[in-house]
Each structure stands twice: as structure tokens, then as C-alpha cells.
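For the record, the sequence lines run as chains A and B.
Under my numbering, the first residue of the first sequence carries the number 85, and numbering increases by one thereafter.
Under my numbering, the first residue of the second sequence carries the number 17, and numbering increases by one thereafter.
Note that the Cβ used here is the ideal one computed from N, Cα and C, for glycine as well.
Please read all numbers here as calculations on a predicted model, not as lab measurements.
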Amino acid sequence: MSPPILEVKNLIKNFGGIRALNDVSFELAPGALMGVIGPNGSGKTTLVNLITRFVKPTSGEVLFKGKPISHLPPYRIVRLGIVRTFQMVKPFYQLPAFKNMIIPLCSPRMKAIAGGRYGNRDAVALDLLEEVGFERDAHVAYKPASALPQGYLKRLELAKAMALEPELLILDELFSGLSLAEVATIVPIIEKLRLEGKTIIMIEHRLKELFRIADRIIVLNYGQKIADGPPATVMESDAVKSAYLGSETT
Amino acid sequence: MSKRKERIDRGIKVRSEDIFALLSWKEMLYLAGPRVLPVAVFLILPLLLGPYWQKVLLSVGVFALLAISWDVMAQTGMVSLGQALFFGMGAYVAGICNHLLGLPPWLAIPVATVAGAFLCTLVLVPVLRLRGVYFSMVTMIIPLMLVRLIEATKIFGGTEGLSGMTPLGSRWIELYLIMAVMAAVLFGFRRLMESDRGLVLKAVNDNDRSVINAGINIYWIKTQVLFAAGAVGAFAGAFMTHIYMFVGMPVFALDYSILPIAAAVVGGPGSLAGATLGAFILVPLSEALRGIGGLRIVFYGLFLVVFIVALPEGIFHFLQRKYHQFERWVEVQ
């Protein structure tokens, strides 16, 4: 078995007196698609923020390809190949959608991948946007991001992450706020990324869609990992049922 | 054969801002006009003015540079209230180079530009993590602190300042030097802001976390912008030292911080050309109002308020919009 691409060891995060993440550990095999679920406030986004170092852990360690990364600033972690999307989309509102893509395409990571040459970034940007569902002949890719509806903004967020050719892609509630039809168009994109060998972590509330594509699920509740395993078995766990549905009181 | 009106820029611009399809010399003129006009003004204006207004023009150039430097920083998310820091630092370094070290102006000014920018960057790098009003407040306080420092320690001439700097030689050298630098800085920075690198700078202003998430070190980007903006401001200060042949505490005055912002806001922030245009309006206006004595600042303030209320987008953006709306008659088949 190949060594894990990501190791999370005893991660703890306190915000003042509140423990947002409590001793969470797991390993992730390369090429896996792992879902992270849990009720609101269970620490899912905190986990992403700690892995990508947008937030500093109180204690614990994160290793990427066997090397510790918790001491690195977030931009250095992105350069290693761990790229995330944000739950609350963060486009560059002033810029047209396709110009939003220029920022990741200007990244030192892309310079390293392309051997110092960037090529025609506008063309690459339009190709990537087409891949996530921006129709090439419609003007939507040329509109300012501030004029785009939520569905397109989510796709733009995904395209920006894909532009960086990540090895580990972390999608934070990509499906939230999208219609069933929109989710149905994004699922094949994620499946394609998997076929390309990318490792993916998906934070999701849309369990039905997630369980169709994920091969492993971690469940968080009050900052603790309460279940870890294949989708079918995880949902059978009593701890998970009680976290989602509450326990019966007598 | 019927006719209809069509915008001139339709057909010239093909979908994006940088691809053009030119069919006639008129269309070429339509595109080149706004670029050629400022250069022509920079070249011809010094020839048309008398000695007093030529001196005002030197001030216009200095304030235009400070306004451009402010605008570049603002577009990268650093709203500075202390362009006087850049101006004063350049002025003092030039003064020290010329007065104490004996360097000629043609050497003192470039040295002051680079060293001044370096010192300003060094002072502001520790506060680059601050955003919004917190960053602005620090930039406002530092020049005021430096004034008191010079006064208390009596360094570099203390309250007397340093005087007797070598002048640049002739008024024409002064005028065309500042005009050439202004044109180079204006067109250079406009080109930078329209490039992919410029997009990254604007993106830092728009959403810095998203830029970090692209693997870009925003603090390094901000440091580079700070250095570039600092160099422009420091040049303005060093130039002024050799014009007045004096440098003293007034170079850190609030005027050099506030007037560039007023120029950029009246002219239209975010375009650099607006900042330049604003300086060309406000500085001569301030001089023209001298005649009315004590009420000068009231009329000046009133003018600012009227402009900001009537044209909140700024004069340049207004003119640009109107220019794009020019129409011509075309035949309909």
C-alpha cells in the first residue's frame, strides 16, 4: 500500500474557551475521495483551515507526503499542492470571471509546473471555465464576478482551485446553495478529477450526492471524530445517528 | 439607404479591452487620442506659461506623482494617509546627499529615490498585516512622529533644516524633468495595472485570502508595491529639495498627505490618470484662490465638496465614459 498523502495527527484547536477541534487524527491514501460530514458547528471548516494553515493549530501536526507542514504559511502550503475552496465563495468581484482565473495562473506553483513559462493565460482561463460549465460562446465568462449568480460563483471557485493543478483538493461545501440540476453537472467534474488521480476531501451537507462519489466518510461532532469508514457503514453507526437525529430521552 | 447611429468604439473593440480591429485612420486617432493628448500637454504647457505659473507647474508635477503613488497603493488595498512620509524621506535623503555628502543633484536625486523608497518600505513593512483604517492611521502618524524626532534631537539641521542645495541648472531642465518622470510613471504604472501582474495587485485589494489561496505571498506583493510607490514619492521629495534648495521639517507636513488624496478622489481613483488630472486641477486652483486671502480654504473646500457630490466617480471616469459614448452615423444595408 502506498504511503498516505496526508496525515493529520492529534489536531486540537481552541478558540478562547471553546474547543473547536478535539484531538482529530486520520490518514488519507493518495487518490481517495473522503467526505467530512457533521452537524453545523462540528468543526469541519476549522479542520480545513488547520490543514491549509489559514488558522494556526493549538496543538497537533499535519504531514503532507510525510513532511510536516503545520509551521508553513498558507501560501507555501498551496505551492506544495494542497488547494482549497471556500464555503463562502471568495471571487475577485471587480474582475470579469475569466480574469479571476489569472490570479491562480500567475501563481509561483504554476510557474514551477510550466517550467517558468506561463503561455497565454486568457486562453487557459477560458478553457478551465468551460470545463466547469461556463458556456464558451455566452458572455457569462466576460461578466464581472459581482454580476454572477451563486451557481456560477461556486463553479468559478472550483475552477480557480483546479487552475492550480492541486494534488490534494479540499472542497468546502461546494454543493451548498446549488440546485439539484447544478449539483448534477458538478458531480461529473469531481469524478473526472478523481480519474486524473487527484486526492479530494469534500466537506458536505448534501449527503446523498456525497455518498455516491465518496469512498470514505469522516463524521465530526462537537470537534471530535465520531466515525470513520465507508459511507454505508458510517451512517449505521449509533453515534452518527444520535449526532444527526439527537438521542431519545426518557 | 438609411442611416443609424453607432458608437465609435463598437467595432474597434473586439470583446476584450486589448484586442482592436482598426479600419481607418479616424479609428486609429480615436484610440491614440487619449494617449497622445497628455503627452502633448506635458510637452507644450511649459512653453506657454510665464515664470510664476511655470513654478506652479513644478508643484503640479510633484503632487501628481504623490497622487499616482497614493492611487497605486490604494489599488493594492493599502489606503495611505501619509504620502508625506515618502515625500519627506526622499527630500531629506537628497538634502543629506547634497548638503552633507556633496553629491551633485543628478546623483543625489536617484540615490534619494532608491534609498528613500527603501527606508519607507523598511518603516512600513512591520505594519503591512494591518488592513483598512488601521493601516491608514499608522501611515498618518509616522511622518508626524518624524517631525517631532527631528525637532527634539536637532538632527539634520533640526528646526532650521538644511539649506544651500545645488539647483538643477535651468528652469527648463526642472520642468521637462518632472514632466518626463510624470509621463513615465503614469504610463508605466497604467501598463503595469493592466497586465496580469496588475490583476494580482487589484486582487489583493479585492480579496487577499483568495490571493493567498493561489499560493501567492501577499506581503511580498505589498512590499514591492510599497517600494515602487515609495520611490515615486521619494523622487518627488528629492526633486523639490533641489528646486527650493532647502529641506526642513515642513516636508513631512500633512499637506503632502492630504492633497494627493484629494487630487486622486476628484480626478477619479483607480485610474492613475485621474490622480494626475486631479493634481492639474487642484494645485493651480489653490494658487488662483490666493488672491481672496483668508477665505481661500473655504472656497477650496467648497469646490472639493461640490465636485465629490456632483461627480463621485471622478472627472477622469466621467470623461472616459463620455468618450466611449461618442457616436457616428453609419449606413444600414
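Candidates the options, of which the one nearest residue i by Cα
{"i": "residue 307 of chain A", "options": "A:91, A:132 and A:108", "result": "A:108"}
{"i": "residue 94 of chain B", "options": "B:277, B:316 and B:343", "result": "B:277"}
{"i": "residue 98 of chain A", "options": "A:116, A:143, A:114 and A:132", "result": "A:143"}
{"i": "residue 239 of chain B", "options": "B:137, B:124, B:24 and B:70", "result": "B:137"}
{"i": "residue 190 of chain A", "options": "B:220, B:315 and B:330", "result": "B:220"}
{"i": "residue 287 of chain B", "options": "B:311, B:209, B:304 and B:308", "result": "B:209"}
{"i": "residue 211 of chain B", "options": "A:251, A:179, A:157 and A:127", "result": "A:179"}
{"i": "residue 290 of chain B", "options": "B:57, B:117 and B:330", "result": "B:330"}
{"i": "residue 217 of chain A", "options": "A:268, A:170 and A:196", "result": "A:268"}
{"i": "residue 139 of chain A", "options": "A:155, A:148, A:147 and A:124", "result": "A:155"}
{"i": "residue 134 of chain A", "options": "A:94, A:204 and A:116", "result": "A:94"}
{"i": "residue 312 of chain A", "options": "A:177, A:194, A:121 and A:192", "result": "A:121"}
{"i": "residue 261 of chain B", "options": "B:246, B:207, B:323 and B:182", "result": "B:182"}
{"i": "residue 105 of chain A", "options": "A:87, A:314, A:112 and A:127", "result": "A:127"}
{"i": "residue 286 of chain A", "options": "A:280, A:272 and A:302", "result": "A:302"}
{"i": "residue 204 of chain B", "options": "B:162, B:88 and B:77", "result": "B:88"}
{"i": "residue 143 of chain B", "options": "B:231, B:311, B:236 and B:201", "result": "B:236"}
{"i": "residue 131 of chain B", "options": "B:256, B:335, B:305 and B:250", "result": "B:250"}
Three-state secondary structure assigned by DSSP to residue i
{"i": "residue 176 of chain A", "result": "coil"}
{"i": "residue 140 of chain A", "result": "coil"}
{"i": "residue 283 of chain A", "result": "strand"}
{"i": "residue 200 of chain B", "result": "helix"}
{"i": "residue 24 of chain B", "result": "coil"}
{"i": "residue 348 of chain B", "result": "strand"}
{"i": "residue 303 of chain A", "result": "strand"}
{"i": "residue 208 of chain B", "result": "helix"}
{"i": "residue 204 of chain A", "result": "coil"}
{"i": "residue 343 of chain B", "result": "strand"}
{"i": "residue 218 of chain B", "result": "helix"}
{"i": "residue 119 of chain A", "result": "strand"}
{"i": "residue 266 of chain B", "result": "helix"}
{"i": "residue 227 of chain A", "result": "coil"}
{"i": "residue 358 of chain B", "result": "The question about residue 358 of chain B has no answer here: the residues shown for chain B are numbered 17 through 349."}
{"i": "residue 176 of chain B", "result": "coil"}
{"i": "residue 220 of chain A", "result": "coil"}
Residue i: contacting residues in chain A (beta-carbon distance under 9 angstroms)
{"i": "residue 233 of chain B", "result": "157, 159, 160 and 192"}
{"i": "residue 225 of chain B", "result": "138, 158, 170 and 174"}
{"i": "residue 271 of chain B", "result": "Correct list: empty, because the minimum Cβ distance to chain A is about 31 angstroms."}
Proximal residues of chain A, C-beta to C-beta of residue i below 8 angstroms
{"i": "residue 297 of chain B", "result": "By Cβ distance, chain A contributes nothing, its closest Cβ being about 26 angstroms from residue 297 of chain B, past 8 angstroms."}
{"i": "residue 218 of chain B", "result": "176, 178 and 179"}
{"i": "residue 87 of chain B", "result": "The contacting residues do not exist; residue 87 of chain B stays about 15 angstroms from chain A at best."}
Limits of the unbroken beta strand (DSSP E) element including residue i
{"i": "residue 42 of chain B", "result": "Element bounds for residue 42 of chain B: not the beta strand (DSSP E) but the alpha helix (DSSP H), 41-64."}
{"i": "residue 243 of chain B", "result": "That residue, residue 243 of chain B, is in no beta strand (DSSP E); its alpha helix (DSSP H) goes 234-260."}
{"i": "residue 156 of chain B", "result": "Unbroken run through residue 156 of chain B is the alpha helix (DSSP H), 148-169; no beta strand (DSSP E)."}
{"i": "residue 309 of chain A", "result": "308-313"}
{"i": "residue 103 of chain A", "result": "102-112"}
{"i": "residue 256 of chain A", "result": "252-256"}
Proximal chain A residues relative to residue i, where beta-carbon distance stays under 7 angstroms
{"i": "residue 228 of chain B", "result": "158 and 159"}
{"i": "residue 215 of chain B", "result": "179, 183, 186 and 187"}
{"i": "residue 212 of chain B", "result": "186, 190 and 205"}
Boundaries of the alpha helix (DSSP H) in which residue i is found, first to last residue
{"i": "residue 273 of chain B", "result": "271-283"}
{"i": "residue 302 of chain B", "result": "289-304"}
{"i": "residue 99 of chain A", "result": "Not the alpha helix (DSSP H): residue 99 of chain A falls in the beta strand (DSSP E), residues 90-99."}
{"i": "residue 79 of chain B", "result": "67-91"}
{"i": "residue 128 of chain A", "result": "128-135"}
{"i": "residue 39 of chain A", "result": "No statement about residue 39 of chain A is possible, as the shown extent of chain A runs from 85 to 334 and does not include it."}
{"i": "residue 338 of chain B", "result": "331-340"}
{"i": "residue 160 of chain A", "result": "158-164"}
{"i": "residue 317 of chain B", "result": "312-326"}
{"i": "residue 292 of chain A", "result": "291-297"}
{"i": "residue 241 of chain A", "result": "234-247"}
{"i": "residue 117 of chain B", "result": "Looking at the DSSP string, residue 117 of chain B is not in any alpha helix (DSSP H), and its letter there is neither H nor E."}
{"i": "residue 195 of chain A", "result": "192-197"}
{"i": "residue 99 of chain B", "result": "99-111"}
{"i": "residue 149 of chain A", "result": "It is not in any alpha helix (DSSP H) - residue 149 of chain A carries neither H nor E in the DSSP assignment."}
Chain-ordered neighbours of residue i on chain B, where CB pairs are closer than 7 angstroms
{"i": "residue 220 of chain A", "result": "Here the premise fails: no neighbours, minimum Cβ distance about 12 angstroms."}
{"i": "residue 163 of chain A", "result": "231"}
Under 9 angstroms by beta carbon: chain B residues contacting residue i
{"i": "residue 253 of chain A", "result": "Neighbours of residue 253 of chain A on chain B: none; closest Cβ ~12 angstroms, over 9 angstroms."}
Neighbour list for residue i in chain B, Cβ cutoff strictly below 8 angstroms
{"i": "residue 248 of chain A", "result": "230 and 231"}
The ligand PLP heavy atom lying under 7 angstroms from the CB of residue i
{"i": "residue 125 of chain B", "result": "Of ligands this structure carries none, so the ligand PLP is not represented either."}
Under 9 angstroms by beta carbon: chain C residues contacting residue i
{"i": "residue 25 of chain B", "result": "Within the model displayed, chain C is absent; protein chains A and B are what it includes."}
Could you list the residues in the segment 284-306 of chain A with a C-beta less than 9 angstroms from some C-beta on chain B, going in chain order? Answer set for the segment 284-306 of chain A: empty.
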